[in-house]
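Heads up: the sequence shown at position 182 corresponds to 181 in numbering that gives the first Met the number 0, and the numbers run straight through without jumps.
Presented below is the structure to which this report refers.
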Amino acid sequence: MLKNFMLCVVTAMGTALVTVACSGGQMDQCVAKNVRCAEPLACDPGDGVCKCGGRGGVACPTDFVCDPVKNTCLSTKCVVDRRPVDCSAQAGTSCDVSDGACKCGGTGGMVCGANEVCDPARKSCTPQQSCTSQTCPLNQVCSPATGRCSCGDAPCGAGRTCTLVNGNPTCTADQCSGVACTGSNVGDGGAREGNVCAAASGMCECNGVVCSQGQACACPAGADAGCAQGLRACRPSSLCAGVNCGGGMVCDFADGLCKCGGPGGVACAANQICNLGPPAQCQGGQQCTLPDGGARLCPGGTSCDPEDGRCRCGGRGGQICAAAVSVDGGGGTPAEVCVLSPIQTACRQPCDPRQASADCPMGQFCYYDSSAATPVAYCAAQPGTPRPAGEGCTSPTACFASGRSLHCNGLVTGATGICRAYCDVASGSSGCIQVPTAQNCVQIIGAPAGYGYCQSTQ
Numbered sequence: 000m001l002k003n004f005m006l007c008v009v010t011a012m013g014t015a016l017v018t019v020a021c022s023g024g025q026m027d028q029c030v031a032k033n034v035r036c037a038e039p040l041a042c043d044p045g046d047g048v049c050k051c052g053g054r055g056g057v058a059c060p061t062d063f064v065c066d067p068v069k070n071t072c073l074s075t076k077c078v079v080d081r082r083p084v085d086c087s088a089q090a091g092t093s094c095d096v097s098d099g100a101c102k103c104g105g106t107g108g109m110v111c112g113a114n115e116v117c118d119p120a121r122k123s124c125t126p127q128q129s130c131t132s133q134t135c136p137l138n139q140v141c142s143p144a145t146g147r148c149s150c151g152d153a154p155c156g157a158g159r160t161c162t163l164v165n166g167n168p169t170c171t172a173d174q175c176s177g178v179a180c181t182g183s184n185v186g187d188g189g190a191r192e193g194n195v196c197a198a199a200s201g202m203c204e205c206n207g208v209v210c211s212q213g214q215a216c217a218c219p220a221g222a223d224a225g226c227a228q229g230l231r232a233c234r235p236s237s238l239c240a241g242v243n244c245g246g247g248m249v250c251d252f253a254d255g256l257c258k259c260g261g262p263g264g265v266a267c268a269a270n271q272i273c274n275l276g277p278p279a280q281c282q283g284g285q286q287c288t289l290p291d292g293g294a295r296l297c298p299g300g301t302s303c304d305p306e307d308g309r310c311r312c313g314g315r316g317g318q319i320c321a322a323a324v325s326v327d328g329g330g331g332t333p334a335e336v337c338v339l340s341p342i343q344t345a346c347r348q349p350c351d352p353r354q355a356s357a358d359c360p361m362g363q364f365c366y367y368d369s370s371a372a373t374p375v376a377y378c379a380a381q382p383g384t385p386r387p388a389g390e391g392c393t394s395p396t397a398c399f400a401s402g403r404s405l406h407c408n409g410l411v412t413g414a415t416g417i418c419r420a421y422c423d424v425a426s427g428s429s430g431c432i433q434v435p436t437a438q439n440c441v442q443i444i445g446a447p448a449g450y451g452y453c454q455s456t457q
């Protein structure tokens with residue numbers, strides 16, 4: 000049988016260079032054109048062009064030079080003695096390739112004056128302010144050089160807040176994202192609720208204080224016509240006086256509404272019923288009824304919204320919690336759970352408080368909330384004024400010490416809890432620090448098996 004073949008031509012240059020051009024291969028254009036590139040450029044064998052980075056690199060345009068370390072082209076205007084122009088002394092600026100000047104936001108930006116500061120995102124300069132007139136958010140400090148509040152070395156952008164990560168101020172995601180506050184609307188016609196979410200902690204506060212169980216963020220006694228927000232305080236609630244709830248619902252002292260599951264539960268619509276579960280959720284309504292006539296069951300502590308049939312945290316008008324996210328090769332984040340309490344509703348990432356390095360986002364730690372309508376462990380930010388072990392606590396995320404979250408044990412309606420260290424029940428006393436007193440690991444009442452807290456044996 001005859002076979003077709005092509006002859007490979009081998010050309011030897013001296014004893015060092017051998018070029019082979021065979022059928023089916025691509026000719027080296029650098030050799031074919033005898034291209035010689037000046038350093039630091041290298042020839043791309045695909046097209047025979049001198050490029051920064053060689054094969055697959057970039058052909059530097061006029062007035063640009065190659066940075067062989069980063070394989071990128073730099074403007075000759077922005078290079079002095081083969082070194083990039085240093086703009087680090089002027090915060091927010093970088094070199095403009097057209098003229099080599101350090102400008103706010105780089106190319107196309109502005110040159111800020113002596114009494115101006117740079118906003119690099121907007122490429123604009125604004126008048127410098129004095130720190131004497133500045134009140135900075137939690138964990139931020141006013142910089143005398145700029146007159147602006149900063150978190151460590153830089154200000155936090157929109158949707159971010161300053162939290163302490165290992166003791167260092169760091170910009171992290173705003174903890175109030177997805178949080179809806181509840182609270183007293185006595186005397187203001189419902190126009191404004193008393194509790195406001197604190198960006199650093201993600202907790203709803205009444206003028207900086209998290210109201211304890213059985214309280215509401217309310218105006219002083221006798222202020223029937225309402226009051227300024229600054230006059231509101233956590234006061235014993237009388238909002239449920241004279242309120243009669245039916246269908247298994249209980250009045251919530253935080254806002255005076257009948258809730259499925261009691262304080263911190265869900266307010267059902269008129270065409271819904273309360274299914275006490277657990278977990279408790281509102282069911283019924285045309286949009287929440289399945290084709291076979293059954294009721295839609297919602298996961299993760301959510302409840303069906305009768306207006307669109309979707310499962311939401313807080314039921315009607317609430318937030319849709321994020322679904323699980325998986326990544327190739329394993330990992331990802333679990334589906335968020337709905338945390339309902341008398342002061343707020345929030346979608347949170349679930350976690351295991353027994354693990355020292357729980358898989359929580361940066362700046363957050365794992366807490367088990369026994370006061371929630373459906374008790375659950377979730378990730379939350381470190382409190383602004385943390386309570387150490389042995390001290391009283393009035394919120395599920397108030398306890399923190401030595402870089403770890405602590406459990407607010409015994410936090411129930413109308414009672415203050417005590418901060419205790421988390422532990423694994425299976426570890427017994429070995430899971431607890433034995434100084435200054437001996438301790439043993441005790442199961443948290445109502446929590447998943449194994450979730451424990453350290454209790455003194457004396």
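C-beta: ideal position from N, C-alpha, C; glycine also.
Predicted model, so just to flag it, every value in this text is computed and none were measured.
DSSP-derived helix/strand/coil call for residue i
i      : result
Cys7   : In this predicted model, Cys7 has a pLDDT of only 40, less than 50, meaning its place in the structure is not dependable; the value taken from the coordinates is given anyway. Looking at Cys7 - three-state DSSP - the assignment turns out to be coil, as it is neither helix nor strand.
Gln174 : coil
Thr61  : coil
Leu40  : coil
Ala31  : helix
Ser74  : strand
Gly427 : helix
Thr125 : strand
Met0   : Only weak support is given to the placement of Met0: the predicted model assigns it a pLDDT of 40, under 50, and the value that follows is read from those uncertain coordinates. Met0: coil per DSSP, three-state reduction.
Cys86  : coil
Cys287 : helix
Cys196 : strand
Thr160 : strand
Ser302 : strand
Thr181 : coil
Cys418 : strand
Ala20  : Note on Ala20: pLDDT 42, under 50, position unreliable in the model; the coordinate value appears next. If DSSP states are grouped into helix, strand and coil, Ala20 belongs with the strands.
Thr456 : coil
Chain-order list of residues whose beta-carbon lies under 8 Å from that of residue i (same chain, five-residue window excluded)
i      : result
Cys130 : Cys141, Ser142, Pro143 and Gly146
Gln133 : Cys141, Gly146, Arg147 and Cys148
Arg159 : Cys170, Thr171, Ala172 and Asp173
Gly427 : Asn439 and Cys440
Asn167 : Gly151
Cys29  : Cys42, Asp43, Pro44 and Gly47
Same chain, Cβ closer than 6 Å to residue i, five either side skipped, listed in chain order
i      : result
Ile444 : none
Gly108 : Lys102 and Lys122
Leu73  : Val64 and Asp66
Val34  : Cys42 and Gly47
Ser93  : Cys86 and Gly105
Cys287 : Arg295, Cys303, Pro305 and Gly308
Residues near residue i by beta carbon distance below 7 Å, same chain, minus five either side
i      : result
Asn3   : Because the pLDDT of Asn3 is 40, which lies under 50, any placement of that residue in the model is unreliable, and the number read from its coordinates should be weighed accordingly. Excluding positions up to five away in sequence, the list is empty.
Arg234 : Gln214, Ala215 and Ala217
Cys39  : Before going further, note that residue 39 is Pro rather than Cys in the sequence given. So the qualifying residues of the chain are Cys65 and Pro67.
Val96  : Ser74, Lys76, Cys77 and Thr106
Glu478 : Since the first residue shown for the chain is 0 and the last is 457, residue 478 is missing from the structure and cannot be characterised.
Under 8 Å between C-beta atoms of residue i and residue j
i      : j      : result
Ser394 : Met202 : yes
Cys418 : Gly430 : no
Gly104 : Pro119 : yes
Arg353 : Gly449 : yes
Asp43  : Gly55  : yes
Val265 : Ser302 : yes
Arg347 : Cys378 : yes
Cys117 : Gly99  : no
Gly416 : Cys453 : no
Ala372 : Ala294 : no
Cys250 : Cys259 : no
Phe252 : Pro341 : yes
Ala397 : Val178 : no
Ala446 : Tyr367 : yes
Gln343 : Cys180 : yes
Gln127 : Glu115 : yes
Gly246 : Cys281 : no
Ile272 : Gly263 : no
8 Å contact criterion, which residue i and residue j should meet: CB distance rounded
i      : j      : result
Asp62  : Lys76  : 7 Å
Ala375 : Gly300 : What sits at residue 375 in the sequence shown is Val, not Ala. Right, their Cβ atoms sit about 7 Å apart.
Arg311 : Gln318 : 6 Å
Gly451 : Val424 : 4 Å
Heavy atom of the ligand COA within 7 Å of residue i beta-carbon
i     : result
Lys76 : As for the ligand COA, it is missing from this structure, which has no ligand bound.
Measuring CB atoms only, is the segment 164 to 172 touching the segment 331 to 344, in the sense that at least three cross pairs come out at less than 8 Å?
no
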